[in-house]
Amino acid sequence: NSMRATVEQHEGKTDILPPIKTLVTLGKEDLSIKAGFGYGLPISRLYARYFQGDLKLYSMEGVGTDAVIYLKAVSGDSFERLPVFNKSAWRHYKTAAEADDWSNPSREPRDASKYKAN
């Protein structure tokens with residue numbers, strides 16, 4: 001973590017990086033890398049929302065952050081729309097109106113260069 005932070009902080013400013021000091025101690029906990037690409041919490045929230053739940057973060061300065069995941073406890077209260085590959089299911093999914101998204105647009109995007117801002 002310290003090496004990554006040092007490199008990112010001084011990238012492009014100088015060819016010589018300052019020395020890095022780290023303290024590694026043995027304990028009852030597992031040692032793990034804490035730096036990533038920042039996808040963990042957003043993807044976790046998407047998974048929770050997919051299962052009709054949510055992910056909430058509660059931070060308190062000087063204390064830390066709690067991540068709380070809300071999910072349906074009773075399986076009958078929750079539903080997951082899984083694809084079923086037979087003719088009747090295919091007709092059901094085909095008639096359902098779906099909203100456009102970036103991965104499956106119904107038409108090409110408009111050419112913004114044709115419009116002028118006033």
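Just so it is clear: in the sequence shown, position 22 is 22 by the UniProt record's numbering, and no numbers are missing. The C-beta atom is built at its ideal place from N, Cα and C for all residues, glycine as well.
To the nearest angstrom, report how far apart V7 and L17 are at their CA atoms. 7 angstroms
Excluding the 5 residues preceding and the 5 following A5 in the sequence, name in chain order all residues of the same chain whose CB lies nearer than 6 angstroms to its CB. none
Proximity of S44 and L55 at Cβ, strictly below 7 angstroms: yes
Nearest-angstrom Cα separation, counted from A67 out to P42: 12 angstroms
Close Cβ partners of S2 (< 7 angstroms) along its chain, the five nearest in sequence each way excluded: I20 and T22
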